[in-house]
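Below is one structure, written out as structure tokens; comments come after it.
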Amino acid sequence: MRQTCAEEENAPKPAEPANKQAETKNPAANGTDAVPSADHQERTAELHISSGLPSPTPGTLQPESPSSKKRAREEPSAGEESITKKTKEDATELPDRNSKTLIPEYLVNKETWQGFCEIESEPAYFSAILRDVGVQDVTVREVFAMTPDLLDMLPQPIYGLILLFRYREFGNEDQATDCPRDVWFANQLPGQNSCGTLAMINILMNNPDVEVGEHLTQFKDFTNDMTPFQRGEAFASFDFVKKIHNSFAKKMDLLENDKNLSYKAKRAQRLKDASSTTTKENATGTGTGTRSRPRRPSADSAASADSAESFQQNGHHFIAFVPVGTEVWKLDGMDAQPTCIGTFHPDTGETWLSAASDTIATLMAAGDDDYGVVALTQSPLSSLRKKAALTLNTITHVEAHLDATNPTWRDLLDHDDAAALPSPRMLGVEPLLKLHPVPATLQLQISSETLLDSLTRRAMLVHQVYDSAACIMEEIGTEAAEEEKARQRRFDSGPAIKVWLEMLAGNGWLEANLKRFM
1 MRQTCAEEEN APKPAEPANK QAETKNPAAN GTDAVPSADH QERTAELHIS
51 SGLPSPTPGT LQPESPSSKK RAREEPSAGE ESITKKTKED ATELPDRNSK
101 TLIPEYLVNK ETWQGFCEIE SEPAYFSAIL RDVGVQDVTV REVFAMTPDL
151 LDMLPQPIYG LILLFRYREF GNEDQATDCP RDVWFANQLP GQNSCGTLAM
201 INILMNNPDV EVGEHLTQFK DFTNDMTPFQ RGEAFASFDF VKKIHNSFAK
251 KMDLLENDKN LSYKAKRAQR LKDASSTTTK ENATGTGTGT RSRPRRPSAD
301 SAASADSAES FQQNGHHFIA FVPVGTEVWK LDGMDAQPTC IGTFHPDTGE
351 TWLSAASDTI ATLMAAGDDD YGVVALTQSP LSSLRKKAAL TLNTITHVEA
401 HLDATNPTWR DLLDHDDAAA LPSPRMLGVE PLLKLHPVPA TLQLQISSET
451 LLDSLTRRAM LVHQVYDSAA CIMEEIGTEA AEEEKARQRR FDSGPAIKVW
501 LEMLAGNGWL EANLKRFM
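Under the UniProt record's numbering, the first residue of the sequence shown is numbered 1, with each subsequent residue one higher.
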């Protein structure tokens, strides 16, 4: 049967008339549906039986609609085929996870962030900030106690003191009505954690003998005729200092600062609402006229670590103390005006530190033990190098006198005195040699000395220059350690820790060992 059907299908069919072909090809042209013939239905049934398929019931076989026929797809050309394959291959390629286009830009960037981050009260960080700003020969040292003996152990002179304490208002009733012309003072704008850097700026701007660098000199000239509030606004937009200050910030520091800023805004709004409510009650006469006693805090209502009350209670603040003329001024950026806390008389040997120490000690005794004091002083390197330059010049003058009076004087030296002197370039005193010549009175005294006196003087000067060289090298090492400490503080290890934790989570180690750290 299968062979018969195949032969019948392959057999040539007689030609049909033209009109019959047209009707067959387009049966809808006559307005009627095409109906298959009986022979066609019989052959179709035989094919289904021979192939094992179920035979359709009579009347259910529907003709294939011309609209259901799909047009044959054209074969693409060689160029189109290559483009199609290339597109498919590109679509299957996975992007590089290290590609810069896949790394999202942080919402917070310390290069463009407009605030000031919090900085620990660390003298090394403050010293690094001053050097980066361009301040010359100034360092920051910690003060362990406000006693004259310990203050005298600091490098001299002391340009100003900075007190770190839990913020609370004090001495506001003694503020000046207007800022004096000879006192440079800038306010700290709300929401700015710039009090540490601003305290140093307030001190430096009131010390004309300090070389503050080009940027701060221009800033002082620009703000010379401004009010303290206007100076605070100018400082808040001083991008040069702001970028150096925020170089110590990490991404998490910026996020925490923005969160705390919202606490400050809510607290300010709360105080404003409370003030307006009190004013309305007093105006309408509904107030009781007595101050209500604060509610005793309970354990259930204690402020959490993330609440606005907790943040305000834990807030720390920097204020500066600086001498101007014969007066000692307290420069608190949160105050509207500076406050004079006392006077001193340099003619009688009195220093400004006594008045400042009394005020700071009183403030410490009235509060808690959470405070710290640092001092802005002249860098020891400056005085040590000046001393070494003068000593080297004096040795040169003594040797010239010995060469003129006794050319064989070097034969009388022992091994230690005959050793080579430290190199001025190594000590960094080469530019200072011309600035510190031997005084005329000392030159006259040396020229009248005997051979023994000159040799004794030279031996003493050699020991002095070696001592100065040792101190200079020690201070150079101290500055290098400060820079290294600041460099480590500026490094943000947060992104590396994040990637490391993602890798631990990806390989399943974090999930398997998380309970060990819970």
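Using N, Cα and C, we set each Cβ at its ideal position, and we do this for glycine too.
By the DSSP assignment, the alpha helix (DSSP H) with residue i in it spans what residues?
| i | result |
| --- | --- |
| L504 | G494 to G506 |
| F126 | P123 to V133 |
| I201 | C195 to L204 |
| E483 | L451 to R490 |
| I119 | Element bounds for I119: n/a, residue is neither H nor E. |
| T217 | E214 to F222 |
| T351 | No alpha helix (DSSP H) contains T351, which DSSP labels as neither H nor E. |
| T147 | Note, T147: premise wrong, no alpha helix (DSSP H); not H, not E. |
Hey, does residue i have any beta-carbon neighbour from chain D nearer than 8 Å?
| i | result |
| --- | --- |
| Y371 | Protein chains in the displayed structure number just one, and chain D is not present. |
Please report the distance separating the alpha-carbon of residue i from that of residue j.
| i | j | result |
| --- | --- | --- |
| T277 | N187 | 29 Å |
| L433 | K386 | 8 Å |
| Q257 | Q269 | Checking the sequence, you will find Asn at residue 257 rather than Gln. Computed Cα separation, rounded: 18 Å. |
| T351 | L331 | 18 Å |
| residue 557 | D253 | Residue coverage of the chain in this structure runs from 1 to 518, which leaves residue 557 outside it and unanswerable. |
| I341 | V135 | 27 Å |
| Q312 | W500 | Unreliable positioning characterises Q312 in this predicted model, as indicated by a pLDDT of 49, which lies under 50. A coordinate reading is not provided. |
| L261 | S423 | 54 Å |
| K242 | L216 | 13 Å |
| E474 | D152 | 20 Å |
| T326 | M426 | 40 Å |
| Q445 | T394 | 12 Å |
| D174 | P180 | 14 Å |
| P346 | V324 | 12 Å |
| L510 | S357 | 54 Å |
| I158 | E214 | 22 Å |
| A124 | G315 | 22 Å |
| R296 | P338 | Confidence in R296 is poor, its pLDDT being 37 and thus under 50, which makes the residue's placement unreliable; the coordinate value appears in the next sentence. Distance between the alpha carbons of R296 and P338 is about 36 Å. |
| H401 | T456 | 13 Å |
| T139 | S121 | 14 Å |
| D306 | A145 | Here D306 scores only 43 on pLDDT, less than 50, and its place in the model should not be relied on; the value that follows carries that caveat. C-alpha separation (whole angstroms): 33 Å. |
| R255 | K266 | First, the amino acid is wrong: residue 255 is Leu here, not Arg. Using only the alpha carbons, I get a separation of about 17 Å. |
| L421 | T441 | 25 Å |
| Q443 | A419 | 24 Å |
| E479 | E118 | 23 Å |
| G349 | Q114 | 46 Å |
| W263 | C471 | At residue 263 the sequence reads Tyr, which differs from the Trp that was named. Distance between the alpha carbons of Y263 and C471: 49 Å. |
| residue 520 | D137 | The requested residue 520 does not occur in the structure, where the chain is confined to residues 1 to 518. |
| A496 | A512 | 21 Å |
| E502 | G477 | 40 Å |
| I201 | V328 | 16 Å |
| A366 | R168 | 11 Å |
| I203 | Y371 | 19 Å |
| D239 | L514 | 44 Å |
| S275 | A176 | 26 Å |
| M518 | N507 | 20 Å |
| L381 | P431 | 14 Å |
| V212 | N172 | 30 Å |
Would residue i pass as a contact of residue j if the rule is Cβ separation under 8 Å?
| i | j | result |
| --- | --- | --- |
| F185 | P228 | yes |
| S379 | P148 | no |
| A375 | V210 | no |
| V462 | L392 | no |
| A236 | L271 | no |
| G160 | F344 | no |
| S454 | V398 | yes |
| F116 | Q192 | yes |
| F248 | R490 | yes |
| S447 | L384 | no |
| N206 | V183 | yes |
| K251 | G428 | no |
| D335 | I244 | no |
| T450 | R141 | no |
On the DSSP letters alone, give me the boundaries of the beta strand (DSSP E) that residue i sits inside.
| i | result |
| --- | --- |
| P323 | H316 to V324 |
| Y159 | I158 to R166 |
| E327 | E327 to L331 |
| R141 | V138 to V143 |
| G232 | First-last for G232: P228 to A236, but that is the alpha helix (DSSP H), not the beta strand (DSSP E). |
| T343 | T339 to T343 |
Counting Cβ pairs, one atom from each stretch, are 3 or more of them under 8 Å apart for the region 483 to 491 and the region 121 to 133? Yes, the region 483 to 491 is in contact with the region 121 to 133.
Going along the chain, which unbroken runs of the beta strand (DSSP E) with 3 or more residues stay wholly within the region 353 to 385? You should have 371 to 378.
Meets three-Cβ-pair contact criterion under 8 Å: the region 155 to 169 and the region 193 to 206: Contact between the region 155 to 169 and the region 193 to 206 is present: three or more C-beta pairs spanning the two stretches fall below 8 Å.
Is the region 434 to 450 touching the region 467 to 484 in the sense that three or more CB pairs, one from each, lie closer than 8 Å? As far as the Cβ criterion goes, the region 467 to 484 does not touch the region 434 to 450, which means the pair count is below three.
Count the C-beta pairs between the region 338 to 354 and the region 209 to 223 that are closer than 8 Å, then say yes if the count reaches three, no if not. Not touching, per the Cβ criterion.
Counting pairs of Cβ atoms below 8 Å between the region 398 to 411 and the region 359 to 374, do you hit three or more? Cβ pair count under 8 Å is below three, so no.
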